[in-house]
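Number of protein chains: 2
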Amino acid sequence: MNGAESLVSTLVGQGVNVCFANPGTSEMHFLAALENPAMKSVLCLFEGVATGAADGYFRMAESPAATLLHLGPGLANGLANIHNAKRASSGIVNVVGEHATAHLKYDAPLTSDIEGLARPLSHWVRRTDSAATLAGDAARAVTAARPGQIATLILPGDTSWGDAGEPTQFPIELPVRAAPPVLRVDHVARMIRQADGPVLLLLADKSCRGRGPELAGRIASATGCRIGTHFFTNRIERGAGRVTLERIPYFVPAAIEFLKDFRHIVTVETGEPIAFFSYPGSPSKLQHPECQIHSLAEKGEDGCAAMEMLLDALGASGAQAQYQPRIETSVPHGALDPISIAHALAAAIPENCILVDESLTTGRASMGLTAGSLPHDTMQNMGGSIGFGTPVATGAAIACPDRRVFCLVGDGSAMYTIQSLWTQAREGLNITTVIFANRSYQILKHEYAAMGFGAPGPKALEMMEIDKPTIDWVAMAKSMGVPGISVTTAEHFHRALANSVREAGPLLIEVVL
Amino acid sequence: MNGAESLVSTLVGQGVNVCFANPGTSEMHFLAALENPAMKSVLCLFEGVATGAADGYFRMAESPAATLLHLGPGLANGLANIHNAKRASSGIVNVVGEHATAHLKYDAPLTSDIEGLARPLSHWVRRTDSAATLAGDAARAVTAARPGQIATLILPGDTSWGDAGEPTQFPIELPVRAAPPVLRVDHVARMIRQADGPVLLLLADKSCRGRGPELAGRIASATGCRIGTHFFTNRIERGAGRVTLERIPYFVPAAIEFLKDFRHIVTVETGEPIAFFSYPGSPSKLQHPECQIHSLAEKGEDGCAAMEMLLDALGASGAQAQYQPRIETSVPHGALDPISIAHALAAAIPENCILVDESLTTGRASMGLTAGSLPHDTMQNMGGSIGFGTPVATGAAIACPDRRVFCLVGDGSAMYTIQSLWTQAREGLNITTVIFANRSYQILKHEYAAMGFGAPGPKALEMMEIDKPTIDWVAMAKSMGVPGISVTTAEHFHRALANSVREAGPLLIEVVL
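These protein sequence lines are chains A and B, in that order.
So in our numbering, spot 163 of the first sequence is number 163, and the numbers just go up one at a time.
Numbers in our numbering are just positions in the second sequence, counted from 1, shifted up by 1000.
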C-alpha cells in the first residue's frame, strides 16, 4: 500500500473513524485512501469548521477525530478552533498536507513554516520522513491526542504516494489518569474539617460528568461545602435527577461578589478562578485575597477517584447527594428577553439534549433557569475564540447522531464559521441553531463600559454594531440548505424549538432581539 | 494621551489611514482611539476578510493599511490571507490586541503565544513594552510594512490604556528600491545579443505596471525576446493601448510546453518558473533543463530602472513598444462555457476596472481573451491559499472608490471568506462578485487526475463535490445585504455585468455552470 493508505489504515486501527476534511491538491492521495470503508469523511467548506467539529466530536465521543488540512494556510484557518480545543482538553489528530520534500526548496507559493504555525497550539508535532514510517507516526499521533491533546502530523506529498510496504498493526495505548497522592487528599480533608467558613469545591473537565457531579454532591452533603464550576466548562452533565453545580459569573464584579465569602477553594482537574480579561485597576484573581487554593486533583489527574478518596478521608462514604428536582417550566409568552428566552429553552430541552453555548450576552441567564430541565449536556467555549459554537455542534452531532443538539450562538459569533450550516445540511445533522440576533457585538458594549469609558463615541459604536446591513439569517440558512425560521415572541421561539426536536435534520431559528 | 491614542495618531502621521478591524475586549482602548477623524475604520466580521482586504488595499494604494485583530486566535484567523499578502509583497501593519502584561501569567483562556503565531508569516514582529514606547514601535511597524512586508505589532492592554505623554512626530521613511549593478545589466545585454534562440523576459511585481510593461515591450521590439509573467502576479496593468505580457500556464505539462524553446530567461523582480504543486514523477522546475536563468532585477530591486538600463546597454533607447490593439468583443449568446464567459467578461470590462481573479478552473480562459478589453488591472492569488478573492476585492474597492471591481471567484473558494459581502454592503463598495458555481472543487478533479489516479472513487469524489446541498448564492448575497442575480446564459451574464457597472454598490452574479 502507499503511505496515505497506510496512514488511513493506521488511524482506523487506532480507533479514529471520522475525518473532518478540507482537502487540496497535496492531499489527493489521502483522499484516495479515504475509500477505506471504516473511515467516515465529513467535508467542511472552511478549516475552522473542521477543527471545531473535531473539538465537539471529542467532547462527546471522548476519542479523537482526525482533520485533513491543506498546507500551512489550511492549518492557519483551523488554528482558532484548535486553540479552543486545546483549552477544552479535546484531542485532535490534525493531518496537514505538505509539498513533496523535493519541491520544498523551490519555495513554491503555498510553502510556509508549517511546524512554526503548528507548535504554538499543538502538544505534539511531527513531519513524516517517509512512506515507510508514516504508519508509526500516525499511531504516535493518535496516542498523543487520545488523552486530550492536539497532535499535528505533517504529511509531505511524497510520503503519501511512496511505497509503505505491508500494513503494521500498532497496539492502542489507552491513557491512564493518575489518582492524587493520599497526602494531598488528607490535607484537603483536614482543611475542610477545620474550615470555619464556606468552602468551594471547584470542578472542571471530566469531574463535571459521569460520577463527578454526584461525588461532589456527596461531599457537599457531608461537609456543607458548595460545589461549582468556572464560567466555562468543556462539558457538564446536568438537569433533573443530577447534581447541580453552581457557576462562577463571567463579569469580574459579579465573580468577586460570588467568591467573596470563600476562604478556601478546593480545585478538581483545574486551577484558581481567573478573570477572562484584564481591566484597568481590576484584579486578575477573582477569589478573596485571603482565600487559599487547595488542589485535590491537578489537570489530567482522575478527579472522580480524587473525590472518592476525599469522601473516604472524610469518613463520609455513605453521604447522599442532593439531586436536582425536575422543574416544569411553563411556556413563556410575549416579548423576547433573556428571561423569557431562558424559560422557552428550559421548557423545550429534550432528554439527552446537547446544549452548545456561545450565546455570550443573551444566553447568560439561561444556565440558571435550565438546571431543572430534562437531563442534558452543556458545552462552553474554553478558549474564548469566537466562531466556536456551530462547528462544535456539528462535531457533537456526528458523534451522537441520536441526540438533538441545541446550538445557542450570538449573531456576531455565528458569522466567523457560518459555513458549518452547509455541513449540517449535507450530513442531515440533528442540530437546532439558535441565532440571538441583537445585531451588535453586544458583549463589546459591556466591555467598553467595563474599561471605564462609559458610552462609546460614534466611530467606536460603529465597530460594535452589525446592523448595517442587517443579516438575514433565514436567507443565510437557506443559502446553505438549512431550513430557517425567524421568531419575535417567546411562545413562537418555544414552538420552533419544540418542533425542531420532532423533525430530523438541522434547523436555524433566528431570535430577533 | 493614552497609548492607544498615540498609536492611532502615529499610524495616521505615518500615512496609514485605513484600519480593517475585527475588535475584541482587549482592544477597547484602540476602538476609542479610532475616533481620530483621519482614520477610516472598516468593520469585518471575520479576520480573514480584514487581512485580505489589507492585501487588496496595498496592491492598489501601494501604501499599507492596518488591521486590528483580537489576540492570538484573531491573528490566526487572519493568517491565511496574511500568507497570501506576504507572497504578493503587500505591506500590512497588523495590530494584535493582547492581555495586559500583568494578566499574562494567569494563563487566561485567550492566552497564546502570539509571537509564535506571528513569526512564520511576518517580516517584523514586536511586542510593545509600554504606552510611552508605543508610538515609536508603531512608526517602525509602518516603516517595515511600507516596502511590502508584514509587520505585526502586539499590543498588551496596559500599553493601550497607560499614559503615553505628549505625541511625538516621526518622519516618514520612504523605501528606496535599488537599481541593479551595471555589470549585471551588461551581462544580460551581452547574453541577449548572443542568444541564438528565443529569450523570455519574465516580469513580476512593480515591473508589471506603470512604465514596466512598456519598457518590456521596447526591449521586445529591439531584441525579439518574448515578454511574460508567471501564472500569478500581484497586479498587472493591461488592456487596449498597453503592452500585453504573455502568461505561463498553470498546469505543469502546459507550462513545460510554453517554456520548452527558451534557453534563456531574464527575470525582473522575480525568480525562475516553479510548479505550484509537485506531482509524482513530474519536475518542480518548468523551464527546459538547459535553460539558463539570468537575474536582471532581484525581488525588491527597481525593475523599471533595470529595464531602462538594459535598453541603454542594448543601444536601443529609441525602440518603440507594440501596443495592444483594442478588440471589440461582441456579446456572446447561448450556453455558458469558459469561452463564452470570457467573451462576456471581455465585452463588459469597463475602463479602469480592477479584476480580482480567483476563478481557478472556470476563469483560466479569460485572461487571453480580455487582453484587448478597455484598460484594466488584474490581481491574482500569489500565495495559493483560497478565500483570497472577495477580501482582496473589498480592500481594492476601499482604496479606489471610483473604480469598479470585478471579483471572479469559484464557489468553493468563495465560501472561505464569504463574510466579505457584508462589509461590501456596509461600505457600499463598487464590487461585482461573480461566483462560478460549478458546485465542486473542480480544480481537485484535475489535480486528482494529475496525480495519476484517473477518475476518483465514490468517497474521494464526495470530497470534491459541493452540490449536496447546492449553495443558493442569491440567498447568500441577500443574507448579507448584497443584491444577487443568477444567470444561465452568456447574454444574461454579460447584461448583468454591464448593468452592475452602471449602478453604485455591490452586486453578486451567480454563474450557473
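Quick reminder that beta carbons are idealized off the backbone N, C-alpha and C, glycines included.
Min CB distance residue i to chain B below 8 Å
i                        : result
asparagine 430 (chain A) : no
leucine 121 (chain A)    : yes
glutamate 35 (chain A)   : yes
glutamate 5 (chain A)    : no
glutamate 447 (chain A)  : yes
Cβ-based burial, residue i [other Cβ within 10 Å; buried from 16]
i                        : result
leucine 259 (chain A)    : buried
lysine 1468 (chain B)    : exposed
leucine 1121 (chain B)   : buried
glutamine 1169 (chain B) : exposed
threonine 270 (chain A)  : buried
lysine 105 (chain A)     : exposed
proline 1325 (chain B)   : exposed
serine 330 (chain A)     : exposed
glutamate 1257 (chain B) : exposed
valine 176 (chain A)     : exposed
Span of the alpha helix (DSSP H) around residue i
i                         : result
lysine 86 (chain A)       : 71-87
glycine 478 (chain A)     : This sequence places lysine at residue 478 (chain A); glycine is not what is there. Element bounds for lysine 478 (chain A): 473-479.
isoleucine 1192 (chain B) : 1182-1194
Residue i, DSSP secondary structure in three states
i                         : result
cysteine 1208 (chain B)   : helix
histidine 110 (chain A)   : It is worth fixing the name first, because residue 110 (chain A) is leucine in this sequence and not histidine. Reduced to three states, the DSSP call for leucine 110 (chain A) is coil.
valine 1176 (chain B)     : coil
isoleucine 1418 (chain B) : coil
arginine 1495 (chain B)   : helix
histidine 965 (chain B)   : Nothing in the structure corresponds to residue 965 (chain B), since chain B is present only between 1001 and 1513.
glutamate 1447 (chain B)  : helix
glutamate 1358 (chain B)  : strand
isoleucine 1219 (chain B) : helix
serine 1340 (chain B)     : helix
arginine 1133 (chain B)   : Note that residue 1133 (chain B) is threonine in the sequence shown here, rather than arginine. Note: threonine 1133 (chain B) maps to helix in three-state DSSP.
glutamine 1442 (chain B)  : helix
threonine 970 (chain B)   : Absent from the structure is residue 970 (chain B), since the part of chain B shown begins at 1001 and ends at 1513.
Proximity test, Cβ basis, 8 Å: residue i and chain A
i                            : result
leucine 1134 (chain B)       : no
glycine 1457 (chain B)       : yes
leucine 1045 (chain B)       : yes
arginine 1426 (chain B)      : yes
leucine 960 (chain B)        : Any answer about residue 960 (chain B) is impossible in this case: the structure gives chain B only from 1001 up to 1513.
asparagine 1077 (chain B)    : yes
leucine 1259 (chain B)       : no
threonine 1025 (chain B)     : yes
proline 1109 (chain B)       : yes
phenylalanine 1453 (chain B) : yes
glycine 1384 (chain B)       : yes
Segment limits, beta strand (DSSP E) that includes residue i
i                           : result
phenylalanine 406 (chain A) : 405-410
arginine 1126 (chain B)     : 1124-1127
proline 1253 (chain B)      : Counting along the chain, proline 1253 (chain B) falls outside any beta strand (DSSP E), though it belongs to the alpha helix (DSSP H) covering 1252-1259.
threonine 1152 (chain B)    : 1150-1156
valine 1042 (chain B)       : 1040-1043
alanine 399 (chain A)       : Unbroken run through alanine 399 (chain A) is the alpha helix (DSSP H), 389-399; no beta strand (DSSP E).
glycine 1484 (chain B)      : 1484-1487
phenylalanine 20 (chain A)  : 18-21
Residue i: CB within 7 Å of a non-hydrogen atom of the ligand ATP
i                      : result
leucine 1314 (chain B) : The model depicted lacks the ligand ATP and carries no ligand whatsoever.
*Listed from N- to C-terminal order along the chain, which residues in the segment 266-287 of chain A have their beta-carbon within a distance smaller than 9 Å of any beta-carbon of chain B?*
Gly271, Glu272, Ile274, Ala275, Phe276, Phe277, Ser278, Tyr279, Pro280, Ser284 and Lys285
*Identify each residue in the segment 370-382 of chain A for which the Cβ-Cβ distance to at least one residue of chain B is less than 7 Å, and report them in chain order.*
Met382
*Under 7 Å (Cβ pairs) to chain A, residues found in the segment 1085-1097 of chain B*: Arg1087
*Where the segment 1390-1419 of chain B meets chain A: residues whose CB sits under 8 Å from a CB there*: Gly1412, Met1415, Tyr1416, Ile1418 and Gln1419
_Residues of the segment 462-495 of chain A whose Cβ lies closer than 9 Å to any Cβ of chain B, in chain order_ = Glu462, Met463, Met464, Glu465, Ile466, Lys468, Pro469, Thr470, Ile471, Asp472, Trp473, Val474, Ala475, Met476, Ala477, Lys478, Ser479, Met480, Gly481 and Val482
*Report the residues of the segment 288-305 of chain A with a CB closer than 9 Å to any CB of chain B, ordered along the chain.*
none
*In chain order, what residues of the segment 154-171 of chain A put their CB closer than 7 Å to some CB of chain B?*
Gly157 and Trp161
*asked:* So if I threshold CB-CB distances at 9 Å, which residues from the segment 56-74 of chain A count as touching chain B?
replied: Leu68, His70, Leu71, Gly72, Pro73 and Gly74
*Taking Cβ-Cβ distances below 8 Å as the criterion, which residues of the segment 178-189 of chain A are in contact with chain B?*
none
*the segment 200-226 of chain A: which residues have C-beta closer than 8 Å to a C-beta of chain B, in chain order?*
none
*Give the residues from the segment 224-255 of chain A that approach chain B closer than 8 Å (Cβ to any Cβ), ordered along the chain.*
Phe232
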